[in-house]
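Below: the structure, in structure tokens.
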Amino acid sequence: MCVAPRGLDPEDAFRRLAALGARVRQTHPEATALSMGMSADLEAAVRAGATQVRIGSDVLGARDAVG
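If you want it as structure tokens, here you go:
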């Protein structure tokens, strides 16, 4: 699961993970899942090739801040 760095453009992080995933699949072709992105950046994650995204706050609503 890749979560983009807070406050930065997620595109670079997602592209880097997608490239790493491609390298892993060269020796482990069964590794087909690419989990990255959350509600706020799911479009960027899908563009980069995500097969799984976390969309909890879009479905369940925002959580209260902790701390």
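Heads up: the sequence shown begins at 957 in the working numbering, then just goes up one per residue.
Note that the Cβ used here is the ideal one computed from N, Cα and C, for glycine as well.
Helix, strand or coil at residue i according to DSSP, with G and I counted as helix
| i | result |
| --- | --- |
| VAL959 | coil |
| VAL1022 | coil |
| GLY993 | strand |
Closest Cα partner of residue i within the set the options
| i | options | result |
| --- | --- | --- |
| LEU964 | ARG979, ALA996, GLU986, GLY977 | ALA996 |
| PHE970 | LEU990, GLU986, PRO985 | LEU990 |
| VAL1009 | PRO961, VAL1022, GLY993, ALA974 | GLY993 |
| SER1013 | ALA1021, ALA1006, ARG981 | ALA1021 |
| ALA1006 | GLY1017, ARG962, ALA978 | ALA978 |
| VAL959 | GLY1017, HIS984, LEU1016, LEU998 | LEU998 |
Residue i and residue j closer than 8 Å at C-beta
| i | j | result |
| --- | --- | --- |
| ALA974 | ALA1004 | yes |
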